[in-house]
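Numbering (this note's numbering), first residue to last: 25 to 163. Working notes, structure below.
Quick look at the structure:
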């Protein structure tokens with residue numbers, strides 16, 4: 025197969041896999057940001073504990089994120105790059121927005137948090153901003 029084949033030629037299953045991997049990496053960045061805010065530092069083992077995954081999974085994900093220049097890993101210390109921080113803050117903002125919206129609608133806290141984790145990845149930036157603006161305008 026031609027390696028230059030665009031994503032438009034991929035099937036729905038392949039696109040879902042790519043999307044879920046991308047979303048999972050955003051979750052790692054969000055976890056690093058949260059841990060940094062809570063403790064002032066982040067270790068890979070802390071990320072594993074936060075996300076409920078193995079240290080091996082964290083190591084693999086952090087390697088990919090480091091290749092994408094989203095994190096720096098030195099020894100056991102994990103730091104967000106400027107780009108990684110921007111992604112993590114964007115995802116965290118979306119999570120907080122959707123969690124608050126669901127809680128205001130009467131959704132139980134645990135369910136709202138779980139649902140917000142899924143919703144934070146669903147909209148492009150333009151649609152998200154328009155949704156925020158529309159709901160702000162309604163009061």
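Ideal Cβ positions, reconstructed from N, Cα and C, are used throughout, including at glycine.
Margin query: Mapping the DSSP letters down to three states, classify residue 89 as helix, strand or coil.
Written below: Reading the chain shown from its first residue, position 65 is the one you call residue 89. DSSP places residue 89 in helix when its eight states are reduced to three.
ask   = Could you give the C-beta distance for residue 103 and residue 95, rounded to a whole number, given that I count them as a contact under 8 Å?
value = Here residue 103 refers to the residue found at position 79 when the chain shown is read from its first residue. Here residue 95 refers to the residue found at position 71 when the chain shown is read from its first residue. 6 Å between Cβ atoms; contact.
Margin query: For residue 148, which residues in the same chain have their Cβ closer than 8 Å to its Cβ, ignoring the five residues on either side in sequence?
Written below: Indexing the chain shown from 1 puts residue 148 at position 124. Nothing meets the Cβ criterion.
**Item:** Proximity below 8 Å, CB of residue 126 to CB of residue 140
**Value:** As a first step, residue 126 must be located in the chain shown, where it is residue number 102. As a first step, residue 140 must be located in the chain shown, where it is residue number 116. Their beta carbons are under 8 Å apart, which means residue 126 touches residue 140 by this criterion.
What does DSSP give as the partner residues of residue 51 in its beta bridges? In the chain shown, residue 51 corresponds to position 27, counting from 1. Beta bridge pairing from DSSP links residue 51 with no other residue.
- Item | Three-state secondary structure assigned by DSSP to residue 147 | Within the chain shown, numbered from 1, the residue matching residue 147 stands at position 123. Residue state, collapsed to three classes: coil.
Who are the near neighbours of residue 57 in its chain, counting only those whose CB is closer than 8 Å to its CB and skipping five residues on each side? Here residue 57 refers to the residue found at position 33 when the chain shown is read from its first residue. Taken in chain order, the residues that qualify are 104, 109, 112, 113, 116.
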